[in-house]
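Each protein sequence line maps, in turn, to chains Y, U and P. Counted the way the working numbering counts, the first sequence spans residues 1 to 756. Counted the way the working numbering counts, the second sequence spans residues 1001 to 1434. Counted the way the working numbering counts, the third sequence spans residues 2001 to 2163. Even for Gly, the Cβ is constructed at its ideal location relative to N, Cα and C. Just so it is clear, the structure is predicted and the values come from calculations on it, not from any experiment. The structure under discussion appears below in the form of structure tokens.
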Amino acid sequence: MNPILSPLSRRGFLTGGALVVSFALAPRAFAQLAGGGEGGAGPAVVAPDLKGSLKSAPWLDAWIRIDADGRATVFTGKVELGQGIRTALIQVAAEELDIPPAAVTLVTADTERTPDEGLTAGSHSMQDSGTAIQNAAANVRMLLAAEAAKIWDLPVGQVSTGGDGRLRAPDGRTLSYGEVAARLSLHVQAVPDAPLRKPSDYRTLGRALPRVDIPAKLTGGAAYLHDMRLPGMLHARVVRGPSVGTGLQSPDLDTVARMPGVVKIVRQGGFLAVVAERQWTAIQALRHLQRAAYARAAQPPLPADGSGDAVAATLKALPARDIAIMDTSDPVGPAVRSVKARYTRPWISHGSIGPSCAIAQYMDGTMTVWTHSQGTFDVRRVVAELVGLPPEKVHAIHAEGAGCYGQNGADDVAADAAVIARALPGRPIRLQWMREQEFGWEPLGPGMMTELEAELGADNRIVSWRHAVWSNPHNNRPVGAGGVLAGNEADPPFPAPEGKPIPMPEGDGSRNSNPLYSFANTHVVYHFLKDMPARVSALRSLGAHLNVFSIESMLDELAAAAGIDPLAIRLDHMRDERAREVMQAAADRFGWPKRVKGDGRHGCGMAFARYKNLGAYCAVAMEVEIDRETGRTMVRRAVAAVDCGQPANPDSVRNQIEGGLVQSLSWTGREAVRFAPDRRASFDWSSYPILRFDDVPGSVEVVVMDRPGAPFLGTAEAAQGPSAAALANAIANATGVRLRDMPLSPDRLKAALGPV
Amino acid sequence: MKRARWTGWAAGKWAAGGALVCLVGVGAFLGMAHRSGLPAVPPPKAADFPAEMLTRGAALAAIGDCIVCHTADGGVAYAGGRALATPFGTLYSTNITPDPETGIGGWSKEAFKRAMRDGVSRDGRHLYPALPYDHYRQVHDGDLDAIYVFLMSRPAASAPAKANELIFPLGFRPLLAGWKLLFLHQEDFAPRPDRDAEWNRGAYLAEGLGHCSGCHSPRNIAGAEKTGSDAYSGGVAEGWMAPALNGSSPSAVPWTADSLFTYLRTGVDGRHGAAAGPMGPVVHGLSRAPEADVRAIATYIASLSADRASKAPAAADRAAEAARTNPAGATLFAGACAGCHEGGAPMMTEGRPGLSTVTALQLDRPDNAIRAILQGIHAPTGPAGPAMPPFAASLTDTQVADLAAYLRSRFSDRPAWTALETAAATVRKEESQP
Amino acid sequence: MTVTITVNGADHALDVDPATPLLYVLRDDLELNGAKYGCGLGQCGACTVHIDGKPAFSCLTPVGAVAGRRIRTVEGLGSAEAPGLLQQAFETEQAAQCGYCIAGMLMRAQALLDRNPDPDEAQIRAHMQTNLCRCGTHMRILRAIRRAVAMRKGVQAAQEIRP
Ligand code: FES
Ligand code: FES
């Protein structure tokens, strides 16, 4: 069976198409780009007046090619992670080119074919790539119209399009895009002001088109990297101790070398892998090697296990660099009430359902790596340094993996596969991590804590607001060999680089610590902790999960203390009109004024945030029912409202918000990575349980605000913070008990409720 | 589907002969069968409950595990309605919330204590010994008061009793008077002066509220527990063997108070295996009970087999020999079990029990091993915890038999099990009847 | 050793170690993508297939144990061109995010519908308990199953079956 990674074969790409004159990418540079907003490396900005990723890749032919038959091939540096971006970008391109979506072929991140748009992360894809493709397509349509006008000798204003891939003259004559494109070169730079189609004329954008990737996923089609089968492919397993920082002491290599079907044992420095003809053989060899005793190398202790106090103690023991985030001072009246509280979040696993996988092949001096990393171009940089090849000799291609929600094992496994492939030239190597390896080795979402103190004046206005957040860097994305496990195991090792904070306005641990509300006298500080007791990196929404949880919990604590309605205290402090509308929309759909009142067992809560204060606005309201005997919380219903600017595909937006909400309930209500003194003790779904069907809400409704033509705002992470806080607020409303340490688990709630 | 622990007559041996014994008893003592009703009282008020008593009552209720039998699947806590499957038909647990109409809201403290000790409802009807009043009668007065207070502080739920579906003539409750006359002996808990306070506390809890011997002792033909030297020599609950806890304990490694504590608290001990079947809910309750009480229970129970602690047999693992004698089982094990239970598997690295010390493989009968294979094991203490997937859909009875034979020969020094395929078929049949 | 298995109605004679979990045989030998490796421990359901009509974890099923038994994978429910009824319902509800769990979800749900064509909400949730989804697609999966039930009954109006 052929691996089908994109409908367009590489060969077809190189030989076909009239418009690919030369393939122009921006100069390679390692400057930080907005791309991804979560570190990683990215291309330099070369055209600052253009929009989205056109800033760094301004040439139109880097984005769009029109075939002789009028089909468009669109290139994006972003990747499908299950968020539906493929469909959304096709819709954007189809709309601005004014052709049917079926006439668009989308090519996602490939270091030899697409622009480098940095990471697919931080809810940036629509902002970066969507905006770039929108404007590039508008440019292309403008050029096509101008060329047709030339052919017909008409003023350009008289040429129109009709959504069918043809240009029209007023007298009824038409020309196909293919014919016109054949006369054009798109190797021109975009202009910033190509006219966009009017929202009232939209044919494709804003419609709930079915996602193009779903049919294969429902029917066993080749949908994932995991499904690729290359001729001569071998199966590998990499062998390490049970969790990051441990090593096997003397694995029994001799026995494994004699196992029938084992092709090679790859051992270089501290790196060890076994390669076999069959997957099952590789697994059995791995299990045999894993019988060896393991030891943890001398390093700082792992985080303390358990309570919020343990999380706080671990973090507070680390040296901090203080970064001022916000400082305002306003003259106000005296405070009549003040509330002070500490909130914590433990270390959380990404926990992709499919463990990370990669395929690598080293042939004729070139390394090809198929990866589901969020940073395809970063994989090239990492692999090049790791196996000692110039970057242009490494070809990294994205293929879909299981949902990843941040930096899971994808980058590490790609590097592992490349090291193995380098040792076995010619044969494609498929490497998949085992479930326990994913749990044991992936970078976790960092444990965090906040301390908030707020004061309320006599008029129920907040007169002072202090927010301090302690966190490890969430930005340890690999940009060189030192960022992946195989690099740290090389001889000599590539040292792991020091984690760096991501500056505001994106922020990492500080993300969303700056309230969007207008509070007087706001002081926000980020205690950045560069020394990491556990391997950590980006997890969906980064610090926003705990920061929004803290801010929105604190607002309810104040409201409860003063007897104010939770919606009212929010609206009273919010000047941003769109934020107000989103809160109101959620409240209206929820029936906030007529909601169930807290009675010991039932209650409601709401919360709001604008992701990073730059992305989508999201408000969540939910109703819970508490089983006081067990402390179990059931979410009876949840309503979310989201404003993400012009929604490319409202159903995909709904899907993301529903999914984010449910996932956040799992993180917030259930999850914590357990640590033993010498290793992570969470290694499977029984030691790291996540939400199952019996605990998901009775219903989830999502209201998508209609914002025709408004700029795209990233959506995928918008629900994490508000959902977490709405849960805590609903529990507090129902029981009078305020839980401030995640997870808000049944055991913790039961302990707080006592026997009564 | 998880079924309730059936603590009363679940021995499964209470055949017609047992019924006859009762009938005879009843014929002779029908006069005693009548018990008077006690007047309904207004439910006590929440304000009357001292906080200390509530906390104590909650802890005791956790040890007694009241919530398990008295809550239907997905139902309101303590509102009853749970089906208790017995060899004599199905009993439904009753509503013990303080609802005045359908619960125990109208019960005075005295009525409650009479039910707990004598097995008589407030209205004078005899209660089936599914409620282990034979044990509860040993519970101190003050503790029963605390449990009463705790139950009376639960939210009232209206849930009328479901009609039991018992075989004739057991629906006729006065028969129970005869059973009680024969088997219910007034015995207060008597502390042993030669033992320390912890041991005595453990004995009090285990014999009374915990009613451990209800499952771990054999029962006579009328479904009453055997006592004396037979106590704790192993019983049956819901088709699962409840292993002996006395000197005849079959565990590969002797129990210690520490390992029992870990087991009772977490549902798994590295040298004995995981709590399965009806032991799951017991652990669920104990995982939430006061730590000192669970330690005390562990101390007491471990002392029952203290005389065997010295003769610790070496744990067996004869992989090569077992593969030779049971090649089919070895293949099944490699594909279905090794991913968790073979050396180098992550679960082994993480300190879960190796099969050579799992008690299920050391018992005289294969029932527990077969049940675990077919039905799997639910994590008893919550979503985190030892669990095993069921293999009923993927393995045939012959394959289960091959696998069980292999496991026995590899991980135990004891005689091979027989009639494995029949045993597998029996368990499977029972499972498919919902 | 040769093992003959019947997958989606077709017989395949394979030269494999009979201990090999069915999952790897389906994926690597028969090149069927539906069943996925998620945990290999019987904890997530991503590898769910039917064996003689019952849902089973193919990651823990030695291929030698299913010789001669009927195996059905998601490919047996329908294709992208001609999707089965449950697949259509998932498509209509757009019940996937990354979709890695979905083939297992489909097989798990199909087993319920084969046994009980009209399950209520509690039965659906209890039955689906075995399978994990990390993307939080649960609400849509539940909707899709309800939709399939309704489609079977001939009720087409989407609005009526939304909660
Ligand atoms: S892969 Fe089989 S249950 Fe997870
Ligand atoms: S859709 Fe991604 S795991 Fe379920």
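May I ask you to list the residues that DSSP assigns as paired with W59/Y? Q189/Y
Please classify R2147/P: does DSSP put it in a helix, a strand, or coil? helix
Would M606/Y pass as an interface residue toward chain P - the criterion being a Cβ-Cβ separation below 8 Å? no
Inter-residue Cα distance where the pair is D2118/P and L2085/P: 14 Å
What in chain P is Cβ-close to Y611/Y, meaning under 9 Å? Correct list: empty, because the minimum Cβ distance to chain P is about 17 Å.
Exposed unless 16 or more other CB atoms sit within 10 angstroms - verdict on N135/Y: Buried, since its Cβ has 16 or more Cβ neighbours within 10 Å.
Exposure label - A2148/P; buried when at least 16 CB within 10 Å: buried
Backbone secondary structure at L5/Y - three-state DSSP: Residue placement at L5/Y is flagged as unreliable, the pLDDT there being 36, under the threshold of 50; the coordinate-derived value follows with that caveat. In this structure, L5/Y counts as coil in the three-state DSSP scheme.
Counting contacts by CB-CB distance shorter than 8 Å, is S123/Y in contact with chain P? no
Determine the burial state of Q83/Y: buried for a count of at least 16 other Cβ atoms within 10 Å of its Cβ, exposed for fewer. buried
For A1379/U, return the contacting residues in chain Y, with the cut-off set at a CB-CB distance below 9 Å. S686 and P689
Compute the beta-carbon to beta-carbon distance between A2065/P and S1394/U, rounded to the nearest angstrom, for a pair I have assumed lies under 8 Å. 6 Å
Which residues of chain Y have a Cβ atom closer than 7 Å to the Cβ of F2090/P, listed in chain order? L218
Range of the contiguous alpha helix (DSSP H) that encloses L1182/U: Where L1182/U is concerned, the enclosing alpha helix (DSSP H) stretches over L1175 to F1183.
Rank W433/Y, A190/Y and Q91/Y by C-alpha distance to the C-alpha of L56/Y and give the top, closest one. Reading off the sequence shown, one finds Ser at residue 56/Y, where the question assumed Leu. For S56/Y, the nearest C-alpha among the options comes from A190/Y.
Measure the alpha-carbon distance for H187/Y versus Y617/Y and round it to whole angstroms. Using only the alpha carbons, I get a separation of about 38 Å.
Return yes when the Cβ of V159/Y is within less than 8 Å of the Cβ of A182/Y, no when it is not. Not closer than 8 Å, so no.
Specify whether the segment 287–299 of chain Y and the segment 475–490 of chain Y touch according to this definition: at least 3 beta carbon pairs, one from each stretch, less than 8 Å apart. With the cut-off at 8 Å, the segment 287–299 of chain Y and the segment 475–490 of chain Y do not touch.
At the 8 Å Cβ level, is N2116/P part of the contact set with chain Y, yes or no? no
Specify, as a first and last residue, the run of the alpha helix (DSSP H) that A1203/U falls within. DSSP places A1203/U inside the alpha helix (DSSP H), whose first and last residues are A1197 to E1207.
Mind pulling the chain Y residues with CB within less than 8 Å of T2020/P? R278 and W280
Give me the Cβ distance between V336/Y and G445/Y, rounded to the nearest whole Å; I'm assuming they're in contact under 8 Å. The pair is not a contact, with the Cβ atoms about 38 Å apart (cut-off 8 Å).
Same chain, Cβ closer than 7 Å to E757/Y, neighbours up to 5 away in sequence not counted: Since the first residue shown for chain Y is 1 and the last is 756, residue 757/Y is missing from the structure and cannot be characterised.
Tell me which residue opens and which closes the beta strand (DSSP E) that S699/Y is part of. That run of the beta strand (DSSP E) goes S699 to V704.
If distances are taken between C-alpha atoms only, which option among L1084/U, D1099/U, V1149/U and V1068/U comes closest to A1047/U? V1149/U
Bridge partners - K264/Y, DSSP secondary structure assignment: V275/Y
Among all the DSSP beta bridges, which residues are the ones paired with Y960/U? No statement about residue 960/U is possible, as the shown extent of chain U runs from 1001 to 1434 and does not include it.
Taking I502/Y as the query, report the chain P residues whose CB atoms sit under 7 Å from its CB, ordered along the chain. Result: empty, since nearest Cβ-Cβ is about 25 Å, beyond 7 Å.
Quick one: any contact between the segment 577–586 of chain Y and the segment 607–617 of chain Y, if contact means 3 or more CB pairs under 8 Å? yes
Classify K2054/P as helix, strand or coil using the three-state DSSP reduction. strand
I'd like to check one pair, L546/Y with R345/Y: are the Cβ atoms closer than 8 Å? Result yes, Cβ atoms of R345/Y and L546/Y sit closer than 8 Å.
I'd like the list of long-range same chain contacts for S1300/U, defined as Cβ closer than 6 Å, with 5 residues on each side in sequence excluded. In the sequence under discussion, the amino acid at residue 1300/U is Tyr, which differs from the Ser named in the question. Same-chain partners within the cutoff: W1199, G1202, A1203 and A1206.
Looking only at its own chain, which residues have a Cβ that is under 7 Å from the Cβ of S687/Y, when we skip the five neighbours before and after it? R674 and A681
Is it true that the CB of I1377/U sits closer than 8 Å to the CB of V1427/U? no
Residue range of the unbroken alpha helix (DSSP H) whose run includes G1214/U: S1213 to H1216
Can you check DSSP and say which residues form a bridge with T328/Y? T328/Y is not bridged to any residue.
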